[in-house]
Each structure stands twice: as C-alpha cells, then as structure tokens.
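One structure is given here, and the rest of the page talks about it.
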Amino acid sequence: MKERNPTGESPEKKAAGIAAADLVQDGMVVGLGTGSTTAYTISELGRRVDEGLDIIAVVTSYQSEMLAIQAGITLTSLAEHPNLDIAIDGADQIDSGLNVIKGGGAAHTREKVVSRSAERFVIVADESKYSEQLNHYVPLEVLPYAKEYVSQQVLRIGGKPELRLAARKDGPVITDNGNFVIDASFGVIENPVVTSALLSQIAGIVEHGIFTNVDEVYIGKKDGSVEIIA
C-alpha cells in the first residue's frame, strides 16, 4: 500500500497552503488542520512566527501538533480558547457548492469541531480535489462497540461500508480518539446536506466527513497560481 502523503514537494499544494497562511494576522487564534497541504500552511506560519508574527494555535491531530511544535508555533486548546479567528484545513474532495469531504487522514472529528469553532473556515487543496459533485467515500469515525450496527445502518440508507484497515499493522485504523473508521461509499452525493443529516442520526457514529460550513477554498494550480472560491 502506498503512503497517504508521499514524500516530494507539490507546487499546487504549496501554493494553496502558503496563500491561505497569508490570511493569518497578529493576535489571532488559529485552527490548524491535518494533511499534506495544511503542512505547507503550518510551515509558512512557522516562518512568519520566526519573523515576529504573534499567534497561538489549536491543532486537530498528533500530526499537526508535531508539525506546529517543529515550526515554533505556540499551541493552546479549545478549553482555553473555544472561539477561533480562523481555521485552515485540507480536503479529500470539494464540490461546486463548497461542500467538502474530509477524513482521509482519520482526523475529521477534531477537524469538524475546530472548523465549527472558527469565525472563518478556509480549505486548501490542489486542483485534483475539485469536482462538480461529491462522489468520494465518506469517512465515518465509529465507536468500536458499534461497528456492526453502523455498517447495517449505512447499508440501509444506500451506502456501502468498508472498515478501514491499517497499512503497517494488523487490524483496523485507530483514530487519535481511539475509534475505528468506516469508509462509506454512496456514489454521487446529490444532496450533501441530506446525507450529512442521515449519517448524523446513526447512533455509534462519532462524526462523519461531510463538511458544509466552508467559507472559502484556496485551490493551488500546477503553474503555482491559486484560485480562490468563496
């Protein structure tokens, strides 16, 4: 199995990540998402912190925590700062209505909490992540106890559930919260808001990967330019 985030620089991701970092100003409390594109944002913010930028950040995963520490960014928590000025995160897929699917890195529960805590939620991605309609599988963080029940309910509403298995250990992927991930395929998702509501009603799902609260999307292009969709 290939690495989720292979090594090697991506000019598209780098352009989007750095452009979004420019939105961050002195005194802000910033939510930092997870993934290869957001890593460029974290790195750029670290560079600006070295130059005197005064910010504190809430992270969404162990990965973003380690990157932020390496970058010299001061960390805080939602317990201390429940209201964020901005959250910047990546995406697995974005549609024309700015609905987003996240969770390829199994951090979508914390990412959704952070995004909802922010006054402004910005997505950074390369152009391969854009689609007129969502058709990517939807990651579901699930209580291990409820795995079979959730799978049955996903089938009932028209999805195809598949337990996500780990690449370098036997057994399932375990989230930072100690739960399983079920990837649910629905084909083309005609109405993300409705599908989101149906999934939210299933007991045992801690959180699903459909995000409908995006304010802006920064899409990096192969030539290094960035398209902003709002």
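Last residue of the sequence shown: 465 (our numbering), numbering continuous.
No residue lacks a Cβ here, since even glycine has one placed at the ideal position from N, Cα and C.
Values in this document were obtained by computation on a predicted structure and should not be read as measured data.
So, for residue i: in the same chain, excluding its five sequence neighbours on each side, which residues have a beta-carbon less than 8 Å away from its beta-carbon?
{"i": "P241", "result": "Confidence at P241 is low in this model, with a pLDDT of 46, below 50, so its placement is unreliable and no value can be given for it."}
{"i": "V461", "result": "A250, A251, A254, Y453, I454 and G455"}
{"i": "K457", "result": "P246, E247 and E362"}
{"i": "K214", "result": "With the chain represented from 236 up to 465, any question about residue 214 goes unanswered, as that position is not in the structure."}
{"i": "G394", "result": "V373, A419, S420 and F421"}
{"i": "H316", "result": "V264, I291 and V293"}
{"i": "G406", "result": "L400"}
{"i": "E244", "result": "none"}
{"i": "E354", "result": "N318, L319, D320 and I321"}
{"i": "E467", "result": "Any question about residue 467 goes unanswered here, given that the chain covers just 236 to 465."}
Mind checking whether residue i and residue j have CB atoms under 7 Å apart?
{"i": "K248", "j": "D361", "result": "yes"}
{"i": "L310", "j": "A303", "result": "yes"}
{"i": "I392", "j": "L433", "result": "yes"}
{"i": "S352", "j": "L319", "result": "yes"}
{"i": "D289", "j": "D261", "result": "yes"}
Is it right to say residue i is buried, meaning 16 or more other beta carbons lie within 10 angstroms of its own, or is it exposed?
{"i": "V389", "result": "buried"}
{"i": "L400", "result": "exposed"}
{"i": "P396", "result": "buried"}
{"i": "N426", "result": "exposed"}
{"i": "S299", "result": "buried"}
{"i": "Q305", "result": "exposed"}
{"i": "G447", "result": "This sequence places Thr at residue 447; Gly is not what is there. It counts as exposed."}
{"i": "G422", "result": "exposed"}
{"i": "I463", "result": "exposed"}
{"i": "Y380", "result": "exposed"}
{"i": "Q436", "result": "exposed"}
{"i": "V416", "result": "buried"}
{"i": "Q328", "result": "buried"}
Our contact map puts residue i next to residue j with C-beta atoms below 8 Å; I'd like the distance itself, whole angstroms only.
{"i": "I308", "j": "V284", "result": "6 Å"}
{"i": "S420", "j": "Y372", "result": "4 Å"}
{"i": "A256", "j": "E279", "result": "4 Å"}
{"i": "I358", "j": "A402", "result": "No, I358 and A402 are not in contact; Cβ-Cβ is about 25 Å, not under 8 Å."}
{"i": "V264", "j": "V293", "result": "7 Å"}
{"i": "L369", "j": "I336", "result": "6 Å"}
Got a sec? Which residues, its chain only, sit under 6 Å from residue i by beta carbon, not counting five neighbours each side?
{"i": "S386", "result": "P396"}
{"i": "S296", "result": "T269, A342 and D411"}
{"i": "A465", "result": "E451"}
{"i": "D418", "result": "Y372, P374, E397 and R399"}
{"i": "I291", "result": "V264, T309 and T311"}
{"i": "M301", "result": "none"}
{"i": "G339", "result": "D327"}
{"i": "V449", "result": "L333, V335, F356 and I358"}
{"i": "Y384", "result": "G439"}
{"i": "G459", "result": "P246 and A250"}
So, at 7 Å on beta carbons, what are the nonlocal neighbours of residue i in its own chain, with the 5 sequence-adjacent residues on each side left out?
{"i": "L258", "result": "I321 and V357"}
{"i": "G281", "result": "A306, G307 and I308"}
{"i": "V428", "result": "T447"}
{"i": "N414", "result": "E376, V377, L378, P379 and V441"}
{"i": "Y275", "result": "K248, K249, G252 and I253"}
{"i": "T430", "result": "F421, I424 and I445"}
Q | Three CB pairs or more closer than 8 Å across the segment 441–459 and the segment 342–359 | A | Yes, the segment 441–459 is in contact with the segment 342–359.
Q: Flag this pair as touching only if the segment 373–393 and the segment 260–271 have three or more C-beta atom pairs under 8 Å; answer yes or no.
A: Contact between the segment 373–393 and the segment 260–271 is not established, with fewer than three Cβ pairs separated by less than 8 Å.
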